[in-house]
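Note sheet for the following structure.
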Amino acid sequence: MPSADEIRDVQRATWAGLSAGWEKWDSVIMEQLGPVGAAIIERLDIAEDHQHLDIAAGTGEPGLSIARLSPKGRVVLTDLVAEMLDVAARRARAQGVANVETKVCSADDLPFNDGTFDSVSVRFGYMFFPDMAKATAEFARVLKPGGRLCSSVWIKPEENPWTTIAMQAIATEAVVAPPDRDGPNMFRCAAPGYVSALYEGAGLHDVAEWDVDVELVTRSPAQYWEMISEHVSLAVAALQQVDDPTRERIRANAIAKVSAFEKDGKVRVPGVARCIVGTKQDASGTRPRDGALSSNAG
Ligand SMILES: C[S@@+](CC[C@H](N)C(=O)[O-])C[C@H]1O[C@@H](n2cnc3c(N)ncnc32)[C@H](O)[C@@H]1O
C-alpha cells in the first residue's frame with residue numbers, strides 16, 4: 002500500500018502531464034461536465050457576497066461559475082497541481098472573472114482557518130485523495146456553521162461508456178493492471194453511499210446523494226479518440242506503455258465501437274455521475290435549512 006506522500010507524488014506527476022490535454026479540450030470537457038457543475042451550484046445557495054472554496058479545482062470548475070454568481074464574494078480555487086491551476090488562472094482572465102485566487106495544496110491539508118467558507122465544492126476530485134476521510138474532515142473544518150459541502154464522483158463503469166469504450170479497446174491490446182481498490186482511481190467512490198458515509202463520519206448533516214446524466218459530444222469518432230487519449234488519466238498511462246502499431250490498433254478498435262453512438266452528425270456518448278451534498282451543523286446545534294433538500298434529494 003503506497004504512503005500518502007507517494008500517492009500525492011504520483012497524482013502530481015499524472016495531472017501535471019494531463020494539464021495540456023485538459024486545456025486543449027477545454028470546451029468539450031466543460032460541455033460534458035457542465036450538468037454536474039450546475040447540479041453542485043444549485044445546492045450551494047450562492048449569495049452575491051459568498052466565500053467559496055473549490056477543491057481539486059483543476060482548470061477552474063465549478064469555482065469560476067460560482068465566482069460569476071457572487072460578484073461581491075471571493076472564490077479560492079485549490080488543487081494539488083500548479084499546472085492545472087495555471088490553466089484555471091488563464092481561463093479566469095479570458096472570462097474576465099477577477100474575484101478568484103488560486104492556491105496549490107492537498108485536499109487533506111488545507112491552509113485555511115476554521116470556519117472560513119460558506120461552501121465547498123469538489124467536482125471529480127474525491128477519488129484521487131490519499132485519505133478521503135481526512136480530506137472530508139478538513140472540508141467540514143473550514144466550512145462556516147451552516148455551510149454546505151457538495152461534491153461529485155463517477156458511478157460504476159458500465160454506466161459510463163464515454164470512458165469504458167476507450168478502456169476496453171486498450172485492454173484488448175495491452176495489460177491494464179486492475180486498479181488498486183483502496184488507491185486513487187476513477188471509480189473508487191462509485192458505490193452508492195460511499196461518499197455519504199465520509200460526510201457523516203465528518204459530522205455533516207442532511208446528507209443526500211443523487212445521480213446526474215452527462216453526455217460527451219464530439220464531432221466524430223476520430224475526435225472522440227483523440228480527446229480521450231489526451232486527457233483521461235487511465236488511457237494516457239496505458240497508451241504510454243505500447244508501441245505505435247499497437248496504439249493504432251487500439252485507436253481503430255475504439256473508433257469502431259464509438260461509431261455506434263453517432264447521431265445527427267455528432268458522437269454522443271453517455272455517462273452518469275453522482276452528486277453528494279451535506280451541511281455543517283450551525284453553532285446553536287440546530288440543523289440549518291432543514292427540509293430544504295427534501296424536494297430534490299434522489
Ligand atoms: C478530474 S480533475 C477535476 C478538475 C475540476 N474540478 C473539474 O471538474 O473540471 C481532478 C483534479 O484533482 C486534483 N487532485 C489530485 N489529487 C489531489 C489532492 N490530493 N488534493 C487536491 N487536488 C488533487 C488533480 O490535480 C486534478 O486537477
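Residue numbering for the sequence shown is 2 to 299, as defined by our numbering.
Backbone N, C-alpha and C define an ideal beta-carbon position, used for all residues, glycine too.
Checklist line | Minimum C-alpha distance to Ser221 - residue among Glu49, Ala209 and Ala255 | finding: Nearest of Glu49, Ala209 and Ala255 to Ser221, Cα basis: Ala255.
Next item on the list: State the Cα-Cα distance for the pair Ser197 and Asp245, rounded to the nearest angstrom.
Entry: Pairing Ser197 with Asp245, the inter-Cα distance amounts to about 43 Å.
Item checked: Val243 to Arg252 span [Cα, whole Å] -> For Val243 and Arg252, the distance between alpha carbons rounds to 12 Å.
Next item on the list: Using 10 angstroms around the beta-carbon of Asp183, count the other beta-carbons present and answer buried if the total reaches 16, otherwise exposed.
Entry: By the 10 Å Cβ count, Asp183 comes out exposed.
Next item on the list: For Lys281, I'd like the list of residues in its chain whose CB is within less than 8 Å of its CB, leaving aside the five on either flank, ordered along the chain.
Entry: Listed in chain order, the non-local C-beta contacts of Lys281 below 8 Å within the same chain comprise Ala141, Leu144, Lys145, Pro146, Gly147, Gly148, Arg149, Leu150, Gly204, Leu205 and His206, local neighbours out to five positions each way being set aside.
Next item on the list: Within 10 angstroms of the Cβ of Val176, are there 16 or more other Cβ atoms? Answer buried if so, exposed if not.
Entry: In this structure Val176 is exposed. Its beta-carbon is surrounded by fewer than 16 other beta-carbon atoms within 10 angstroms.
Margin query: Among Pro185, Pro180 and Val208, whose alpha-carbon lies nearest the alpha-carbon of Pro193?
Written below: Closest option to Pro193, Cα to Cα, is Val208.
Next item on the list: With DSSP as the reference, label Ser120 as helix, strand or coil.
Entry: Strand, per DSSP.
Margin query: Among the candidates Phe188, Lys258, Val268 and Cys276, whose CA atom is the shortest distance from the CA of Val233?
Written below: With distances taken between Cα atoms, Val233 lies closest to Phe188.
Margin query: Suppose contacts are defined by Cβ-Cβ distances below 7 Å. Is Gln12 in contact with Leu54 by that definition?
Written below: No, the Cβ-Cβ distance between Gln12 and Leu54 is not below 7 Å.
Check: Based on Cα-Cα distance, which residue from Gln241, Ala170 and Phe130 lies nearest to Cys190?
Finding: Residue Phe130 is the option with its Cα nearest to Cys190.
Notebook entry, point to check: For His206, which beta-bridge partners are listed by DSSP?
Noted result: The partner list for His206 (beta bridge, DSSP) reads Thr280.
Checklist line | Closest residue to Gly272 among Gly202, Glu231, Ser153 and Thr247 (Cα-Cα distance) | finding: Out of Gly202, Glu231, Ser153 and Thr247, Ser153 has the C-alpha closest to the C-alpha of Gly272.
Note to self: Please give me, in chain order, every unbroken run of the alpha helix (DSSP H) with length at least 4 that falls completely inside the segment 80-124.
What the structure shows: Counting whole runs of 4 or more residues, the segment 80-124 contains the alpha helix (DSSP H) stretches 83-96.
Margin query: Judging by CA-CA distance, which residue of Thr173, Leu19, Pro180 and Ile30 is the nearest neighbour of Gly158?
Written below: Inspection of the sequence shows that residue 158 is occupied by Pro rather than by Gly. Ranked by Cα distance from Pro158, the options Thr173, Leu19, Pro180 and Ile30 are led by Pro180.
Item checked: Coarse secondary structure for Pro146, derived from DSSP in three states -> Strand, per DSSP.
Item checked: Alpha-carbon to alpha-carbon, Gln52 and Met128 -> Between Met128 and Gln52, the C-alpha separation is close to 25 Å.
Next item on the list: Measure the beta-carbon distance from Gly74 to Glu49 and round it to whole angstroms, keeping in mind my assumption that it falls under 8 Å.
Entry: Yes, they are in contact, since the Cβ atoms of Gly74 and Glu49 sit about 7 Å apart, within 8 Å.
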